[in-house]
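Student:
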Amino acid sequence: MRSLEGGVLYRTSGSLKSGSWLESLILSGCLLTSLFALSAPAFAAEPAEIDDVLEPRNREWKDVRLDGSLRVRGVEFGDRAYIGQTKVGGKWGLGIVVDRGHYAYGAANHGVLFLKRF
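Remember, the working numbering sits 838 above the position in the sequence shown when you count from 1.
#1: Beta carbon of G912, beta carbon of Y920: below 8 Å?
#2: According to DSSP, is G906 helix, strand or coil?
#3: Going by DSSP in three states, G867 sits in which element: helix, strand or coil?
#4: For R955, tell me which candidate among E914, G867, D905 has the shortest Cα-Cα distance.
#5: Let's test the definition: count the other Cβ atoms within 10 Å of the Cβ of L869 and tell me whether it reaches 16, buried, or not, exposed.
#6: Here's a check: name, in chain order, each residue in its chain whose Cβ is nearer than 6 Å to the Cβ of H940, leaving out the five neighbours to either side.
#7: Who are W899's beta bridge partners in DSSP?
#8: Which residues in the same chain as N947 place their Cβ atom closer than 6 Å to its Cβ, once the five residues preceding and following it in sequence are excluded?
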């Protein structure tokens, strides 16, 4: 690798080089998308009241056991949706558990579990 002006590195061997057509295509696409998003007018029908948006929730730590392999110790942030220390498949980690009655699913930093109740 040799250094060009401005601190840009250029690899002489390899399939993707700095300054390739793919990189310029991706950068151009991102630039055009951001310019379009900034230039498009945004209209709202009616401003939302802050009382309508925020609902008071009980923000205490809960220990919810859905099954032997799906459990969460954390905070409820939605309707039966929890975030915190999650046991998915026998391993503990940081994750999210959503309980929807007949089914529940959990996602942690080491896996995903879907639970169907009959």
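Quick reminder that beta carbons are idealized off the backbone N, C-alpha and C, glycines included.
Computed from a predicted structure; not experimentally measured.
Tutor: Judging by the given coordinates:
#1: Residue 912 sits at position 74 when you count from the first residue of the sequence shown. Residue 920 sits at position 82 when you count from the first residue of the sequence shown. Yes, they are a contact pair.
#2: Here residue 906 refers to the residue found at position 68 when the sequence shown is read from its first residue. DSSP places G906 in coil when its eight states are reduced to three.
#3: Sequence index remark: in the sequence shown, residue 867 carries index 29 (1-based). Looking at G867 - three-state DSSP - the assignment turns out to be helix.
#4: Within the sequence shown, the letter at position 117 stands for residue 955. The residue among E914, G867, D905 with its C-alpha nearest the C-alpha of R955 is D905.
#5: Start at 1 with the first residue of the sequence shown, and residue 869 comes out as number 31. That one is exposed.
#6: Counting from one through the sequence shown, the residue named residue 940 turns up at place 102. Same-chain partners within the cutoff: R955.
#7: Taking the sequence shown and counting its residues from 1, one reaches residue 899 at position 61. Beta-bridge partners assigned by DSSP to W899: none are found.
#8: Within the sequence shown, the letter at position 109 stands for residue 947. Taking N947 as the centre and dropping the five residues before and after it, the same chain places the C-beta of G931, L932 closer than 6 Å to its C-beta, in chain order.
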